[in-house]
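A.B. asks:
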Amino acid sequence: MKKKRKKIVKRIKHVKVSNKFYGKALFGQKIYYEGVKPKKLSDDGRIKFGKHILECFNAKFGENNFKWIITKKDDSVKKEKTTYKIKTSLILLEKMDKEFLDRSRDIKNDIVRNFFSIYFPSHFEDLQTDVYVPGTVSGIFNKKILSKLSNEDKDAINKFLPGYIASESIKTVNLLKAEAQIQSLKDLAKTLKKEIKTSHGESWWQKFIKSNILIIQQGYINSLEKINISIGNTKFPDFSLITHDNYLDILEIKKPSTPLLKFDQGRDNYYWDSEMSKAIIQVENYISNISKYSDNIRSYLLDKKKINLQVLRPRGIILAGDFGDFKEQKEKDDFRLLSQSLKNITILTYSELLTRLENYIKILENFKK
Numbered sequence: 019m020k021k022k023r024k025k026i027v028k029r030i031k032h033v034k035v036s037n038k039f040y041g042k043a044l045f046g047q048k049i050y051y052e053g054v055k056p057k058k059l060s061d062d063g064r065i066k067f068g069k070h071i072l073e074c075f076n077a078k079f080g081e082n083n084f085k086w087i088i089t090k091k092d093d094s095v096k097k098e099k100t101t102y103k104i105k106t107s108l109i110l111l112e113k114m115d116k117e118f119l120d121r122s123r124d125i126k127n128d129i130v131r132n133f134f135s136i137y138f139p140s141h142f143e144d145l146q147t148d149v150y151v152p153g154t155v156s157g158i159f160n161k162k163i164l165s166k167l168s169n170e171d172k173d174a175i176n177k178f179l180p181g182y183i184a185s186e187s188i189k190t191v192n193l194l195k196a197e198a199q200i201q202s203l204k205d206l207a208k209t210l211k212k213e214i215k216t217s218h219g220e221s222w223w224q225k226f227i228k229s230n231i232l233i234i235q236q237g238y239i240n241s242l243e244k245i246n247i248s249i250g251n252t253k254f255p256d257f258s259l260i261t262h263d264n265y266l267d268i269l270e271i272k273k274p275s276t277p278l279l280k281f282d283q284g285r286d287n288y289y290w291d292s293e294m295s296k297a298i299i300q301v302e303n304y305i306s307n308i309s310k311y312s313d314n315i316r317s318y319l320l321d322k323k324k325i326n327l328q329v330l331r332p333r334g335i336i337l338a339g340d341f342g343d344f345k346e347q348k349e350k351d352d353f354r355l356l357s358q359s360l361k362n363i364t365i366l367t368y369s370e371l372l373t374r375l376e377n378y379i380k381i382l383e384n385f386k387k
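One rule links them: number in the numbering used here = place in the sequence shown (from 1) + 18.
1. Could you work out which residue in V95, V35, T89, V130 is closest to K70 when comparing CA atoms only?
2. Are the CB atoms of D267 and I335 nearer to each other than 8 angstroms?
3. With three or more C-beta pairs closer than 8 angstroms as the rule, is the region 82-94 touching the region 46-65?
4. When we look at the beta-carbon of V393 and count the other beta-carbons within 10 Å, is it buried (16 or more) or exposed?
5. Decide if Y288 is buried, meaning its Cβ has at least 16 other Cβ atoms within 10 Å, or exposed.
6. Taking Cβ to Cβ, would you say I227 is nearer than 8 angstroms to I271?
7. Note down the Cα distance separating S292 from F178, rounded to an integer number of angstroms.
8. Assign S286 to one of two classes, buried (16 or more other C-beta atoms within 10 Å of its C-beta) or exposed (fewer than that).
9. Which of the three DSSP states, helix, strand or coil, is assigned to Q209?
10. Express the C-alpha separation of G53 and L110 in angstroms, rounding to a whole number.
11. May I ask which residues mark the beginning and end of the alpha helix (DSSP H) holding V301?
12. Counting Cβ pairs closer than 8 angstroms, one from the region 275-283 and one from the region 345-357, do we hit at least three?
13. For F388, is the classification buried or exposed, using 16 other Cβ atoms within 10 angstroms of its Cβ as the cut-off for buried?
14. Rounded to whole angstroms, how far is the Cβ of L203 from the Cβ of Y378, which I believe are closer than 8 angstroms?
15. Rounded to whole angstroms, how far is the Cβ of Y368 from the Cβ of I214, which I believe are closer than 8 angstroms?
16. Report the option in G41, G63, Y40, F45 whose CA atom is closest to the CA atom of K31.
17. What first and last residue would you give for the beta strand (DSSP E) that runs through H32?
18. Can you give the Cα-Cα distance for N384 and I200, rounded to whole angstroms?
19. Hey, how far is the Cα of R374 from the Cα of Q235?
20. For D115 and K66, what's the separation of their Cα atoms in angstroms?
21. Take E98 as the anchor and find which of N83, Y311, S107 has the nearest alpha-carbon.
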């Protein structure tokens, strides 16, 4: 039979406060400790922050309603009947001591500079420095406060960040940017994944994609709303993208629920659904019109938008449907064949768009390591 391990119970001892530094109000109170008495705790109760800790606990719990116990590692508060057992580790006390030294140094430096600014104003600028308590920001910043930030809060953060980033090392700045970018992309991917399954109308998706396409689809540096050129009844696309090498692409935005294919029982294969056929013809017309009137468009963009583009035969992208809706391998194969047969037009499904975004996030995370 296996022997049961005996549970080690650490003995708790105490010292009584008798040091004059504590004052009459705290005289006789007990400071407990587990195991061996800490070296920094004297027999008369003297320990760094001891007076302030006892005053804090007295105010919070009442003089006879708590036991302050110094431990090696444990930090906890437990209530047993009417008494609170408050354990503070030596590690915690050391952290408090370090922060005290840091703050003391800052306060002393501020005092010196402020007095010098008064007595030697021509050599020292007046410093109206707010005393900052280290750790305040880290204690406040968490996701729970995001929904509660006022416009004033957001403005203050936006004004503060550029200066902070500029003051950091290049490595830290790049890491900060990478982490912020990754988190933004993760939030966007989460939203996209959720919304794909909803029943939003086409106008909602057009607005969402137009707002986020430069983040989702890498390789584009800018976007253009409707090209307003009057040339008879010629129609131009509602939305275009500018590539990194200054060429124009057309983006036609449909819904994730847009049906992509229909099955022809007579020929035993799939063909484009009528809505997709219309979208393909429309984009082909856009490509033809832009190619035909490239000089007019180039002049318009240069005059009105101050954008100098190479307006040649553009590529067309139709964002529509969900590849995940394909149940059979035959559907997937026919979709691939139909897509490859198109000239200058790419059919991009929402599921593929999401996959690209998720893969890009993985690349960024691996690069950050």
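We treat Cβ as the ideally placed atom computed from N, Cα and C, and that holds for glycine.
Keep in mind it's a predicted model, so treat the numbers as computed, not measured.
C.D. replies: Concretely, from the data shown:
1. This sequence places His at residue 70; Lys is not what is there. That would be V35, whose Cα lies nearest to the Cα of H70.
2. I335 is positioned such that its CB atom lies closer than 8 angstroms to that of D267.
3. yes
4. Only positions 19 to 387 of the chain appear in this structure, which leaves residue 393 out of reach.
5. buried
6. yes
7. 53 angstroms
8. At residue 286 the sequence reads Asp, which differs from the Ser that was named. With fewer than 16 other Cβ atoms within 10 Å, it is exposed.
9. For the sequence presented, residue 209 should be read as Thr rather than Gln. In the structure shown, T209 sits in a helix (DSSP, three-state: H, G or I).
10. 17 angstroms
11. 292-310
12. yes
13. Within the shown structure, residues of the chain are numbered from 19 to 387, placing residue 388 beyond reach of any answer.
14. 7 angstroms
15. 5 angstroms
16. Among G41, G63, Y40, F45, the Cα nearest to that of K31 belongs to G63.
17. 30-34
18. Taking the straight line joining both Cα atoms gives about 11 angstroms.
19. 8 angstroms
20. 7 angstroms
21. N83
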